[in-house]
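S.K.: My questions will all concern the structure given below.
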Amino acid sequence: MGAGRTRQKEKVAATGNAIHIRWMIRRDMPDVMRAERASFEYAWTEDDFLRCLRQRNCIGMVVELSDRIGGFMIYELHRTRLHLMNFAIHPSVRRTGLGSLMVGKLVYKMTSHRRLKITLAVRERNLAAQMFFRAHGFKATRTLSNYYEDSGEDAYHMELKAPPYDPFDGFGVIGPVNRIAQYEET
Ligand SMILES: CC(C)(COP(=O)(O)OP(=O)(O)OC[C@H]1O[C@@H](n2cnc3c(N)ncnc32)[C@H](O)[C@@H]1OP(=O)(O)O)[C@@H](O)C(=O)NCCC(=O)NCCS
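Convert by adding 108 to the 1-based position in the sequence shown; the result is the number in our numbering.
Rendered as structure tokens:
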């Protein structure tokens with residue numbers, strides 16, 4: 109995974125664009141909706157995004173390329189884990205390493221905040237996403253039958269565990285410890 113990530117960063121760097129991952133703001137919604145609609149048969153509506161982002165444990169981030177949004181991720185903070193709710197890169201900029209950069213950011217959030225894993229559900233038919241997450245070390249740990257209300261499709265629960273915590277070295281990343289996490293619900 110380490111070598112793979114380095115290669116992805118080289119790929120993105122080779123485009124010559126300035127890449128920036130930052131919090132999602134209201135003004136990003138048109139671009140976010142474009143990526144969402146281009147990515148999913150059963151797309152979230154703008155209301156779905158807003159309802160989710162209104163929750164105090166829900167975070168939205170976008171990846172910005174020079175002047176446009178290449179993709180986004182929405183995740184929930186739980187006491188011991190991060191749960192990826194929604195994630196898409198616009199088709200026009202896929203396979204350039206942007207998705208990998210977003211996952212890299214999420215992994216940093218997990219380790220620097222001392223959470224134990226990242227979890228997500230992926231549709232049974234979404235092989236591309238399954239391959240992508242597998243390439244980043246995620247494992248499918250169980251099947252969620254009839255998971256989606258829209259199509260009745262099954263999902264795979266996938267997760268990536270944090271490396272064991274070393275009290276001298278942390279997780280190998282330097283960052284603030286999350287003191288709020290202990291008060292949040294799982
Ligand atoms: C899954 C997704 C986010 C990947 O984003 P991306 O920016 O294209 O991914 P990257 O360029 O960082 O890919 C990294 C690696 O993941 C794997 N991968 C990515 N897309 C893949 C695909 N379609 N098929 C097989 N492997 C794939 C490859 O190993 C790839 O490395 P490579 O390009 O050197 O072969 C993107 O395809 C997407 O937005 N899909 C639609 C929305 C979606 O399914 N979201 C996930 C919901 S759970």
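All C-beta atoms in this analysis are idealised placements derived from N, C-alpha and C, irrespective of residue type, glycine included.
Return yes when at least one heavy atom of ligand 1 lies under 6 Å from the C-beta of F246, else no.
M.R.: In the sequence shown, residue 246 corresponds to position 138, counting from 1. Answer for F246: no, Cβ out of range of ligand 1.
S.K.: Report all residues from its chain with a CB closer than 7 Å to the CB of F240; omit the five preceding and five following residues, and keep chain order.
M.R.: Residue mapping note: residue 240 aligns to position 132 of the sequence shown, counting from 1. Around F240: G207.
S.K.: Below 8 Å CB to CB, which residues in the same chain sit around A129 once its five sequence neighbours on both sides are set aside?
M.R.: As a first step, residue 129 must be located in the sequence shown, where it is residue number 21. In the sequence as displayed, the identity of residue 129 is Ile instead of Ala. Cβ within range, chain order: M169, V170, V171, E172, L209, M210, K213.
S.K.: Determine the direct distance from the alpha carbon of T249 to that of R187, and round the result to whole angstroms.
M.R.: In the sequence shown, counting from the first residue as 1, residue 187 sits at position 79. In the sequence shown, counting from the first residue as 1, residue 249 sits at position 141. Cα to Cα, the separation comes out at about 20 Å.
S.K.: By DSSP, does G260 sit in helix, in strand, or in coil?
M.R.: If you number the sequence shown from 1, residue 260 lands on position 152. G260 falls in the coil class under three-state DSSP.
S.K.: Using a 10 Å radius around the Cβ and a threshold of 16 neighbouring Cβ atoms, would you call F195 buried or exposed?
M.R.: The residue you call residue 195 lines up with position 87 of the sequence shown. By the neighbour-count rule (16 or more Cβ atoms within 10 Å), F195 is buried.
S.K.: Quick one: what's got a C-beta closer than 6 Å to P258's C-beta in the same chain, skipping five residues either side?
M.R.: Numbered from its first residue, the sequence shown carries residue 258 at position 150. Reading off the sequence shown, one finds Asp at residue 258, where the question assumed Pro. Here the set comprises Y150.
S.K.: Smallest Cα separation from V108: which of G179, P138, D262?
M.R.: Outside the displayed range of the chain (109 to 294) lies residue 108, so it cannot be described from this structure.
S.K.: As a quick check of your reading: which residues have a C-beta less than 6 Å from at least one non-hydrogen atom of ligand 1, in chain order?
M.R.: Any residue whose Cβ sits closer than 6 Å to a heavy atom of ligand 1 makes the list: Q116, S147, F195, A196, I197, R202, R203, T204, G205, L206, G207, S208, L228, V230, N234, A236, A237, M239, F240, A243.
S.K.: Using the Cα positions of R142 and A270, report the straight-line distance between them to the nearest angstrom.
M.R.: Within the sequence shown, numbered from 1, the residue matching residue 142 stands at position 34. Within the sequence shown, numbered from 1, the residue matching residue 270 stands at position 162. Each residue's Cα considered, the two are about 32 Å apart.
S.K.: What's the C-alpha gap between N153 and F276?
M.R.: Locating residue 153 in the sequence shown gives position 45, where the first residue counts as 1. Locating residue 276 in the sequence shown gives position 168, where the first residue counts as 1. According to the sequence shown, residue 153 is Thr rather than Asn. Their backbone Cα atoms lie some 45 Å apart in a straight line.
S.K.: Give me the residue from P272, R176, A237, S147 with the minimum Cα distance to R135.
M.R.: Here the question's residue 135 lines up with position 27 in the sequence shown. Looking at the Cα atoms, R176 is the closest of the given residues.
S.K.: Rounded to whole angstroms, what's the CA-CA distance from M100 to S174? Just pull it up for me.
M.R.: Examination of residue 100 is not possible in this model, given that the chain is present from 109 through 294 alone.
S.K.: Skipping 5 residues on each side, what residues in its chain have a beta carbon closer than 6 Å to that of S253?
M.R.: As a position in the sequence shown, residue 253 is number 145, starting the count at 1. Hits under 6 Å: D262.
S.K.: Look at the alpha carbon of K217 and the alpha carbon of G260, and state the distance between them as a whole number of angstroms.
M.R.: For the purposes of this step, residue 217 is taken as the residue at position 109 of the sequence shown. For the purposes of this step, residue 260 is taken as the residue at position 152 of the sequence shown. Distance between the alpha carbons of K217 and G260 is about 32 Å.
S.K.: Are V230 and A236 touching if we call contact CB-CB under 7 Å?
M.R.: Sequence index remark: in the sequence shown, residue 230 carries index 122 (1-based). Sequence index remark: in the sequence shown, residue 236 carries index 128 (1-based). Not a contact, by the Cβ cut-off of 7 Å.
S.K.: Taking 6 Å as the limit between beta carbons, can you name the residues of its chain near T227, skipping five residues before and five after?
M.R.: In the sequence shown, residue 227 corresponds to position 119, counting from 1. These residues qualify, in order along the chain: R189, H191, E267.
S.K.: Exposed or buried, which one is L158 when buried takes at least 16 other CB atoms within 10 Å?
M.R.: Counting from one through the sequence shown, the residue named residue 158 turns up at place 50. With fewer than 16 other Cβ atoms within 10 Å, it is exposed.
S.K.: Taking the beta strand (DSSP E) that F246 falls in, what are its first and last residues?
M.R.: Position 138 of the sequence shown, counted from the first residue, corresponds to residue 246. Unbroken run through F246: none, as it is neither H nor E.
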